[in-house]
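Numbering (the UniProt record's numbering), first residue to last: 1 to 118.
Glycine included, C-beta positions come from ideal geometry on N, C-alpha and C.
Since the model is a prediction, treat every value here as computed from it, not as a measurement.
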């Protein structure tokens, strides 16, 4: 009985180990880095909006979201961390009380490279 149990244990351990080696390396870590970049670079875009609008617009009135197509592609796993680091991200922004909106693009380091008012 002990040999059977040992064999079963080895089989399970081998299966788990083998399965882990075939997983995409760093994928959970990459997901966390992607989310961190989305948040940080979105703040850079929000700061650009605040700078453009002036001090009469509180930061809480500025809404910044990742572009919908880009968000869908990231959610589907079609865009990698490497591509984000190479190409940057694009955000839509709006200021509700001023009824203005636009977009801003960032480079692969999070710097705002383009800022447009619609």
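Exposure label - residue i; buried when at least 16 CB within 10 Å
i: residue 106; result: buried
i: residue 59; result: exposed
i: residue 77; result: exposed
i: residue 37; result: buried
i: residue 54; result: exposed
Reduced DSSP secondary structure (H/G/I, E/B, other) of residue i
i: residue 92; result: strand
i: residue 42; result: helix
i: residue 51; result: helix
i: residue 105; result: strand
i: residue 79; result: coil
The alpha helix (DSSP H) enclosing residue i, as first and last residue numbers
i: residue 73; result: 68-75
i: residue 116; result: Counting along the chain, residue 116 falls outside any alpha helix (DSSP H), though it belongs to the beta strand (DSSP E) covering 112-117.
Candidates the options, of which the one nearest residue i by Cα
i: residue 116; options: 62, 36, 48; result: 48
i: residue 85; options: 111, 100, 94, 57; result: 111
i: residue 69; options: 91, 56, 109; result: 91
i: residue 30; options: 80, 38, 39; result: 80
i: residue 83; options: 109, 65, 103, 61; result: 109
i: residue 56; options: 118, 104, 102, 95; result: 95
i: residue 65; options: 43, 27, 32; result: 43
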